[in-house]
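Listed in order, the protein sequences are those of chains C and Y.
The first sequence begins at 0 in numbering that gives the first Met the number 0 and counts up one residue at a time.
The second sequence begins at 0 in numbering that gives the first Met the number 0 and counts up one residue at a time.
Yeah, the Cβ is synthetic: ideal placement off N, Cα and C, and Gly gets one too.
2 protein chains.
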Amino acid sequence: MQKPTLPKGTRDFGPEQMSKRLFIFNTIRETFNRFGFQPLETPSMENLSTLTGKYGDEGDQLLFKILNSGDFAAIVTELDLAAGSKKLTAKIAEKGLRYDLTVPFARYVVMNRNALTMPFKRYQMQPVWRADRPQKGRYREFYQCDADVVGTDSLVCEAEIVLMIHEVFRNLNIPDFTVKINNRKILAGIAEVIGAPGQEGTLSVAIDKLDKIGKEKVLNELTERGFSAETATNLEPLFSFHTLGVGQVLEPLKTWLSASDVAQKGIAELEETLLLVSQYGLSDACVEIDPTLARGLSYYTGAIFEVKANGVSIGSVSGGGRYDNLTGAFGMPGLSGVGISFGVDRIYDVMEELNLFPVSAGQGTKVLIVPFDAEARLVALPLLRQLRTANLAAEMYPDLAKVKKMLDYANAKAIPYVVLIGSEEVQTGLVSIKNMITGEQQKATLEELLQRLS
Amino acid sequence: MQKPTLPKGTRDFGPEQMSKRLFIFNTIRETFNRFGFQPLETPSMENLSTLTGKYGDEGDQLLFKILNSGDFAAIVTELDLAAGSKKLTAKIAEKGLRYDLTVPFARYVVMNRNALTMPFKRYQMQPVWRADRPQKGRYREFYQCDADVVGTDSLVCEAEIVLMIHEVFRNLNIPDFTVKINNRKILAGIAEVIGAPGQEGTLSVAIDKLDKIGKEKVLNELTERGFSAETATNLEPLFSFHTLGVGQVLEPLKTWLSASDVAQKGIAELEETLLLVSQYGLSDACVEIDPTLARGLSYYTGAIFEVKANGVSIGSVSGGGRYDNLTGAFGMPGLSGVGISFGVDRIYDVMEELNLFPVSAGQGTKVLIVPFDAEARLVALPLLRQLRTANLAAEMYPDLAKVKKMLDYANAKAIPYVVLIGSEEVQTGLVSIKNMITGEQQKATLEELLQRLS
Chain C
0 MQKPTLPKGT
10 RDFGPEQMSK
20 RLFIFNTIRE
30 TFNRFGFQPL
40 ETPSMENLST
50 LTGKYGDEGD
60 QLLFKILNSG
70 DFAAIVTELD
80 LAAGSKKLTA
90 KIAEKGLRYD
100 LTVPFARYVV
110 MNRNALTMPF
120 KRYQMQPVWR
130 ADRPQKGRYR
140 EFYQCDADVV
150 GTDSLVCEAE
160 IVLMIHEVFR
170 NLNIPDFTVK
180 INNRKILAGI
190 AEVIGAPGQE
200 GTLSVAIDKL
210 DKIGKEKVLN
220 ELTERGFSAE
230 TATNLEPLFS
240 FHTLGVGQVL
250 EPLKTWLSAS
260 DVAQKGIAEL
270 EETLLLVSQY
280 GLSDACVEID
290 PTLARGLSYY
300 TGAIFEVKAN
310 GVSIGSVSGG
320 GRYDNLTGAF
330 GMPGLSGVGI
340 SFGVDRIYDV
350 MEELNLFPVS
360 AGQGTKVLIV
370 PFDAEARLVA
380 LPLLRQLRTA
390 NLAAEMYPDL
400 AKVKKMLDYA
410 NAKAIPYVVL
420 IGSEEVQTGL
430 VSIKNMITGE
440 QQKATLEELL
450 QRLS
Chain Y
0 MQKPTLPKGT
10 RDFGPEQMSK
20 RLFIFNTIRE
30 TFNRFGFQPL
40 ETPSMENLST
50 LTGKYGDEGD
60 QLLFKILNSG
70 DFAAIVTELD
80 LAAGSKKLTA
90 KIAEKGLRYD
100 LTVPFARYVV
110 MNRNALTMPF
120 KRYQMQPVWR
130 ADRPQKGRYR
140 EFYQCDADVV
150 GTDSLVCEAE
160 IVLMIHEVFR
170 NLNIPDFTVK
180 INNRKILAGI
190 AEVIGAPGQE
200 GTLSVAIDKL
210 DKIGKEKVLN
220 ELTERGFSAE
230 TATNLEPLFS
240 FHTLGVGQVL
250 EPLKTWLSAS
260 DVAQKGIAEL
270 EETLLLVSQY
280 GLSDACVEID
290 PTLARGLSYY
300 TGAIFEVKAN
310 GVSIGSVSGG
320 GRYDNLTGAF
330 GMPGLSGVGI
340 SFGVDRIYDV
350 MEELNLFPVS
360 AGQGTKVLIV
370 PFDAEARLVA
380 LPLLRQLRTA
390 NLAAEMYPDL
400 AKVKKMLDYA
410 NAKAIPYVVL
420 IGSEEVQTGL
430 VSIKNMITGE
440 QQKATLEELL
450 QRLS
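This is the structure:
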């Protein structure tokens, strides 16, 4: 018999990992709720007509497609077969797995446009699937946690995103992080000012790599992509802003981009956003203005956000921005929104590497009851009920086994307390409680036991 | 442009439905935790070699299969095409979507057999997919919530399942439900005693329908399936047990089945389970012994459970049982376990029909701050921070809009309190708080506000 395996790029999450993952999910969900975002879930499958063409050619290739049910081969001809995989797919698969949470959200908004109250604030925490080549830190199934507000262009929403990022990371117990912020309009202004108006897309792709490949290679890439030597030279001032603090960067940026109206608008939006954040009273904001931040996504039209955890070499753990045309592809143009996405897998890696998970995040059962024989169960069972009534996670070892085996079970499950019940305990009504971390053991009445464990 | 649609048999869950569904999920999860079950998640996709052959021929047909990535058509020949859909599928799809949580759990146990501490108690709450014909109450994507303990045949586990069912439904606020219990060994004994030994499978399928089709049709079905008229007549006593209470049914059952050792063992197991439940001290157990309960699943070998909500015509909302060979199909025979599965969709329907959701289950934002102008935001923003610091879900209307529009927003989102801030409020430092349910409006200091809302 063949040993069972997992499909490549997928993972099981056992009890310890799951407890930690649930800590992350719950923290993000509670924060989303506290900021007035409401939950939404969409189906794992979407019609391929909904998904195709939304993620570029590469994205289309990475969609997982689901074979139609029934006798699909009956309608396939030899001609279809000869036409290649793409044509054949269209004939035998009409559904695909969710690739991100944004397109299903847009589809939901369009289908429910008349019932939704705008501005609509929703969050969504669900897995997505991509037929990417699996590698370290990249999986074929992973969770996204997105919060978006659509139907308003108020900068209050940008400020709220910055605030919510801070709450999420502080509630997660990650103290040292940086929220990088930029504005697509500033990038457009830079393109104008250096003499390459309208080229901010190409410009963004190149300067987005500044941290990774350095200034020289960025300039090389630009000239390779058709930027003149002069426009590249004109970009020089940008690199000096990169090292300035949040208070210092805006004034030189304003001066450099004084000829560009769109840049001035972008700078003003950024200033207003930060003003609102400070009026809210966020102490110790971990914000950095980074005019090179682009995040590659062409659909951003205003603010761009990215979050990095400091002290670890793990990429961005969160990102988002303002877009003006979420639902255009579904025939509902001009809907503006701003959103943020948290990457649970990377946040998990950061917290694991920096040892930031609270002890409680991994904790399951608080107390194991160990009856020495069948008679001891007469004491153990009502005690079990009382512990659970006091909202304590409690279990009784189900078999009549050697005490050592039962204690090993407690240790393996990291259960911190064990209550031992033998014939003496049955007679006296006292129980023995053992702290599995210190090894200390004491007699206690039921009342003392409940008090101690609560 | 075509309007986007959902694949048939799938659903979006908007904010109100999601809040209620999360109430159900959280209640079940907390109860599982309190009973010492640990979370597990497996990938949505499994290799088809893991899934195929585990659910019968019909089940194999209902598996959603995922098209291989890359140029799959290149390896398909005209011969493959001529061989039909089944053969073709094997060549172009190697993965499928999870059909239930049991097979992935078995696969996980086998793959991690050396690392797991037995008995292993896990719960799993994830969607499953079936290419069933959609109809009212039957979907192609739906959640299962399973808890199982494997690696022990202790009847304490059966008792814990009964207890956990009671806690789940009581915590969900569903007061009137019935936990039906039977034992596969009793069904085997009945088959023996009526003169059809080993035929308990066929027998079960027929008598499982007693509630739906009545006694005469059950007997007809049995004779159609090859049971003699005599064996059918011998079944007569069974139908009289059906109406007896939990205290009365066991004695006549024992007498009727006195010639069957296996039946006596089944009865003894059932008695021991109920004894453990009563020793635990469950008051008002809602248990019914039903010797006709079969649940169709041939892999049950001991206890069988089924839960129905009373007062609604919705099928069983939960079911489970004892099995002795969970992992046999993966080359690890003889692992005994017992489990229970809660059907979230049906539980939702029950609670909706009986109006059992607590008000808090649908509640999102608790308070909306409504600033009349930009200046009012200077008061609104720090207030927003303070409300959230007090763990209240709070939001500020992001645009400067007409007051009526902002109040409409609060009503649409069912936000119970609105704080109004105009120029008077800015000057006096007092705010106006409006109860959106009663319409009542009062002035309050910040302290009074926090006190009132907490």
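Sorted by chain position, which residues of the same chain lie with C-beta nearer than 7 angstroms to residue 193 of chain Y's C-beta, five sequence neighbours on each side aside? On the second sequence, position 194 is the one that residue 193 of chain Y refers to. Within the same chain, residue 193 of chain Y has close Cβ partners 230, 233, 234.
Which of helix, strand or coil does DSSP assign to residue 117 of chain C? Residue 117 of chain C sits at position 118 when you count from the first residue of the first sequence. Residue state, collapsed to three classes: coil.
What do you get for residue 430 of chain Y, buried or exposed, if any count of 16 or more other CB atoms within 10 angstroms of its CB means buried? Along the second sequence, read from residue 1 onward, the residue named residue 430 of chain Y stands at position 431. Buried, because 16 or more other Cβ atoms sit within 10 Å of the Cβ of residue 430 of chain Y.
Which residue from C/148, C/33, C/65, C/16 puts its Cα closest to that of residue 397 of chain Y? Residue 397 of chain Y sits at position 398 when you count from the first residue of the second sequence. For residue 397 of chain Y, the nearest C-alpha among the options comes from C/148.
Any idea if residue 258 of chain C is buried or exposed, counting beta-carbon neighbours within 10 angstroms, 16 or more meaning buried? As a first step, residue 258 of chain C must be located in the first sequence, where it is residue number 259. The residue is exposed, with fewer than 16 neighbouring Cβ atoms inside 10 Å.
The ligand FMN and residue 87 of chain C: does any heavy atom of the ligand fall closer than 8 angstroms to the residue's C-beta? In the structure on display, the ligand FMN does not appear, and there are no ligands present to speak of.
Can you list the residues of chain C that residue 156 of chain Y reaches, using a CB-CB cut of under 8 angstroms? As a position in the second sequence, residue 156 of chain Y is number 157, starting the count at 1. 397, listed in chain order.
Pick from Y/413, Y/406, Y/339: whose alpha carbon is nearest that of residue 419 of chain Y? Against the second sequence, residue 419 of chain Y aligns to sequence position 420. Comparing Cα positions, the closest option is Y/406.
Closest Cβ-Cβ distance between residue 139 of chain Y and chain C: below 9 angstroms? Indexing the second sequence from 1 puts residue 139 of chain Y at position 140. Judged by the 9 angstroms Cβ criterion, residue 139 of chain Y is in contact with chain C.
Using three-state DSSP, classify residue 423 of chain C as helix, strand or coil. Within the first sequence, numbered from 1, the residue matching residue 423 of chain C stands at position 424. Helix, per DSSP.
Have a look at residue 14 of chain C and residue 100 of chain Y and give me their C-alpha separation to the nearest angstrom. The sequence position of residue 14 of chain C within the first sequence is 15, counting from 1. The sequence position of residue 100 of chain Y within the second sequence is 101, counting from 1. So the alpha carbons of these two residues sit roughly 15 angstroms apart.
Does the CB of residue 203 of chain Y have a neighbour CB from chain C at under 9 angstroms? Start at 1 with the first residue of the second sequence, and residue 203 of chain Y comes out as number 204. It does not; no Cβ of chain C falls within 9 angstroms.
Whole-Å CB distance - residue 426 of chain Y paired with residue 432 of chain Y, under 8 angstroms assumed: Taking the second sequence and counting its residues from 1, the one referred to as residue 426 of chain Y is at position 427. Taking the second sequence and counting its residues from 1, the one referred to as residue 432 of chain Y is at position 433. With a Cβ gap of about 17 angstroms, residue 426 of chain Y and residue 432 of chain Y do not count as contacting.
Since residue 120 of chain Y and residue 37 of chain Y are thought to touch, with beta carbons under 8 angstroms apart, how far apart are those beta carbons, to the nearest angstrom? Position 121 of the second sequence, counted from the first residue, corresponds to residue 120 of chain Y. Position 38 of the second sequence, counted from the first residue, corresponds to residue 37 of chain Y. Confirmed, Cβ separation roughly 6 angstroms.
Under 9 angstroms between C-beta atoms of residue 172 of chain C and residue 303 of chain C: In the first sequence, counting from the first residue as 1, residue 172 of chain C sits at position 173. In the first sequence, counting from the first residue as 1, residue 303 of chain C sits at position 304. Cβ distance not < 9 angstroms, so residue 172 of chain C and residue 303 of chain C don't count as in contact.
Measure the C-alpha to C-alpha separation of residue 8 of chain Y and residue 73 of chain C and round it to an integer number of angstroms. By 1-based counting over the second sequence, the position of residue 8 of chain Y is 9. By 1-based counting over the first sequence, the position of residue 73 of chain C is 74. Across the structure, residue 8 of chain Y and residue 73 of chain C are spaced so that their CA atoms are roughly 24 angstroms apart.
Run through the stretch 212–266 of chain Y for me and flag every whole alpha helix (DSSP H) of 4 or more residues, listed as ranges in chain order. 214–223, 228–233, 235–240, 249–255
Taking C-beta pairs closer than 8 angstroms, name the residues in chain C that residue 64 of chain Y reaches, listed in chain order. Working through the second sequence from its first residue, we reach residue 64 of chain Y at position 65. The answer, in chain order, is 65, 66.
Is residue 265 of chain C near residue 211 of chain C, with beta carbons less than 9 angstroms apart? For the purposes of this step, residue 265 of chain C is identified with residue 266 of the first sequence, where counting begins at 1. For the purposes of this step, residue 211 of chain C is identified with residue 212 of the first sequence, where counting begins at 1. No; because the gap between Cβ atoms is not below 9 angstroms, this pair is not in contact.
Nonlocal neighbours in the same chain, by C-beta distance under 7 angstroms from residue 300 of chain C, ignoring five residues either side: In the first sequence, counting from the first residue as 1, residue 300 of chain C sits at position 301. Answer for residue 300 of chain C: 183, 321, 322, 323, listed in chain order.
Using 8 angstroms as the cut-off, can you tell me whether the stretch 47–66 of chain Y makes contact with the stretch 86–104 of chain Y, which would need three or more C-beta pairs spanning the two stretches below that distance? yes
Closer than 8 angstroms at the beta carbon, the chain C residues around residue 347 of chain Y: Indexing the second sequence from 1 puts residue 347 of chain Y at position 348. Those within 8 angstroms of residue 347 of chain Y in chain C number zero; the least Cβ separation is about 13 angstroms.
Option in Y/155, Y/294, Y/118 with minimal Cα separation from residue 201 of chain Y: As a position in the second sequence, residue 201 of chain Y is number 202, starting the count at 1. Answer by Cα proximity: Y/294.
Quick one: is residue 454 of chain Y near chain C, going by C-beta distance under 9 angstroms? No information on residue 454 of chain Y is available, as it lies outside the stretch 0 to 453 that chain Y covers here.
Using the Cα positions of residue 191 of chain Y and residue 283 of chain Y, report the straight-line distance between them to the nearest angstrom. Reading the second sequence from its first residue, position 192 is the one you call residue 191 of chain Y. Reading the second sequence from its first residue, position 284 is the one you call residue 283 of chain Y. About 35 angstroms.
Curious, which full-length beta strand (DSSP E) runs of at least 3 residues does the stretch 329–401 of chain C contain? 336–341, 366–370, 393–395
As assigned by DSSP and simplified to three states, the class of residue 285 of chain C: Position 286 of the first sequence, counting from 1, holds the residue named residue 285 of chain C. Here residue 285 of chain C sits in coil by DSSP.
When Y/341, Y/327, Y/342 are compared against residue 335 of chain Y, the one with the closest alpha-carbon: Your numbering for residue 335 of chain Y matches position 336 in the second sequence. The option with the nearest alpha carbon to residue 335 of chain Y is Y/327.
Close beta carbons around residue 331 of chain Y, own chain, < 6 angstroms, minus the five adjacent residues each side: For the purposes of this step, residue 331 of chain Y is identified with residue 332 of the second sequence, where counting begins at 1. Excluding positions up to five away in sequence, the list reads 109.
Mind reading off the beta-carbon distance from residue 378 of chain C to residue 402 of chain C? Whole number of angstroms is fine, and I expect it under 8 angstroms. Here the question's residue 378 of chain C lines up with position 379 in the first sequence. Here the question's residue 402 of chain C lines up with position 403 in the first sequence. Between residue 402 of chain C and residue 378 of chain C the Cβ distance is about 16 angstroms, and since that is not below 8 angstroms, they are no contact.
Residue 159 of chain Y burial status per 10 Å Cβ neighbour count (16 or more: buried): Here residue 159 of chain Y refers to the residue found at position 160 when the second sequence is read from its first residue. With 16 or more Cβ atoms within 10 Å of its Cβ, residue 159 of chain Y is classed as buried.
With H, G and I counted as helix, E and B as strand and the rest as coil, what does DSSP make of residue 406 of chain C? What you label residue 406 of chain C is simply residue 407 of the first sequence in a count that begins at 1. If DSSP states are grouped into helix, strand and coil, residue 406 of chain C belongs with the helices.
So residue 288 of chain C packs on residue 337 of chain C, CB below 8 angstroms; how close in whole Å? Translated into positions along the first sequence, residue 288 of chain C becomes position 289. Translated into positions along the first sequence, residue 337 of chain C becomes position 338. Not quite, the Cβ-Cβ distance comes to about 17 angstroms (not below 8 angstroms), so this is no contact.
Just curious, the beta strand (DSSP E) that residue 88 of chain Y is in, first and last residue? Stepping through the second sequence from its first residue, residue 88 of chain Y is reached at position 89. Not the beta strand (DSSP E): residue 88 of chain Y falls in the alpha helix (DSSP H), residues 84–91.
Measuring alpha carbon to alpha carbon, tell me which residue in C/412, C/351, C/48 is nearest residue 103 of chain C. Residue 103 of chain C sits at position 104 when you count from the first residue of the first sequence. Closest by alpha carbon: C/48.
Kindly list, in the order they appear in chain Y, the residues whose Cβ is closer than 7 angstroms to that of residue 130 of chain C. Numbered from its first residue, the first sequence carries residue 130 of chain C at position 131. Going along chain Y in sequence order, the residues near residue 130 of chain C (Cβ under 7 angstroms) are 68.
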